[in-house]
Structure formats: C-alpha cells, structure tokens
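A quick write-up on the structure given underneath.
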Amino acid sequence: MPSSLQLQRPLTATIAGCHQKQAQSTTTLTRFFPLPCGVSLPDTVATYHIHTMGSNQCCSAVVQAIEAPVETVWSVVRRFDNPQAYKHFLKSCQVIVGDGNVGTLREVHVVSGLPAASSTERLEILDDERHVLSFSVIGGDHRLNNYRSVTTLHTSPNGNGTVVVESFVVDIPPGNTREDTCIFVDTIVRCNLQSLAQMAETMARREKSSSP
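The opening residue of the sequence shown carries number 648 in my numbering; numbering runs sequentially from there.
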C-alpha cells in the first residue's frame, strides 16, 4: 500500500475558491458549506451540503451540468449497488448487507494505480423525491478515512437539463496537506461526474429518438 496519496498534479482539478463557514463552535468542529460562489441550489437540497468538518479534515464540492432530464440522471445515481456504471475508478461492487435501502452496505474494489484496494460503504440517504443520495465509508483498504459524500440533483435553470452537486468531507491522511487531499478527491469526483454526464446524455438521446 503506498504511503502517500501519490497525487498527479497534471490531473488535479481546481478547487472552488469561495467557501462559506456556517458557524464556529467552541470545539474543533466547523459547519462548512463548500459550494463555489455563483452556484444556486434549491433550499430543498442546499442544507444537505452543509458538512460538519473537524480540524484534521477537508471539505469540497464539484458541480456538473448534464443535458438530460433529472429522472434519467437519477436512475443511474440512485443505484447504490452499481456505482461502477459511471465511476470508472471502481472495478466491482458487491452488496453485503441490505436490499438497497438506507443502511445497505456495499464493498467496492478499486482499479489498480490508486492508493486504495477496497472500500466498505454505507448508504446514509436515499431520497427519491428530492433526488439526494449520501454514503459514508466505514472500512476497507484505503487512506481516505471518515469519508462522507452527498450527491444532489436538481433541474437546471433553463429547465432542460440537470445540475449535479457532489460534496464530501474526509480526513486528511498523515503526511498530506488539506489542499492536496481536496484536490485529489476533487479530481476523482469530477471524473466520475463527467462520466455520469456522458452516460446520462447518451441515455437521453436514445430515449428521445425512440419516443413516437
């Protein structure tokens, strides 16, 4: 197992530079809203992206516009048992506890070349009405401890597509900086959402061409 995250600078994504702290407690925990300035979210989903962040954690978010209806995109995202459909850094997934509802556990295996081998993850939120999915990492062979992700979908401002927002909070591994950790995870999330966009847009075109 590599001793560091082995960040590849040419592949890194840019972190949004305008984050907002929501409140500062008397402990080391901070309420953090990681979305960039200019991104407007419906109130029904915005609160899901407020994370509680410890002093040794980082928090960030990636936004992806997709030219496909929310229902089409959600049909892919909600499949907790099949994340590898669009997350190409994963090579397999097995549900080990549960039936796809909240509390379900899955074990995913990662492709070679990343500083991880497997991850055990728990489904925390699955809201088909608001289009919200959240999972947390509870075990496995990796260096991203206490990882929690929230993904929300809402209709784009023009009414013809979908805006996907995925935010996360994660521990900073020993020997790595907050910036490097956020950039590394941002890059993976961004690649996943770009893949999701390609997949959903292809599905939408097929659905449109097959409709009478």
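Idealized CB from N, CA, C, for every residue including glycine.
Around the beta carbon of I713, 16 or more other beta carbons lie within 10 angstroms, which makes this residue buried. Considering only K734, E771, L791 and M850, the residue with the shortest C-alpha distance to G745 is E771. Taking C-beta separations shorter than 6 Å and ignoring five residues to either side along the sequence, the partners of S766 in its chain run V755, V784, G787 and H789, following chain order.
The beta-carbon separation of V692 and T799, rounded to 4 Å, stays under the 8 Å limit for a contact. Sequence-distant partners of I743 (beyond 5 residues in either direction) whose C-beta falls short of 7 Å from its own C-beta, in its chain, are L752, R753 and E754.
Scanning V832, G747, F736 and I835 for the CA closest to the CA of V758 turns up F736. Contact check between the region 686 to 706 and the region 717 to 733: fewer than three CB pairs, one atom from each, fall below 8 Å, which does not count as touching. Here DSSP, grouped into helix, strand and coil, assigns L843 to helix.
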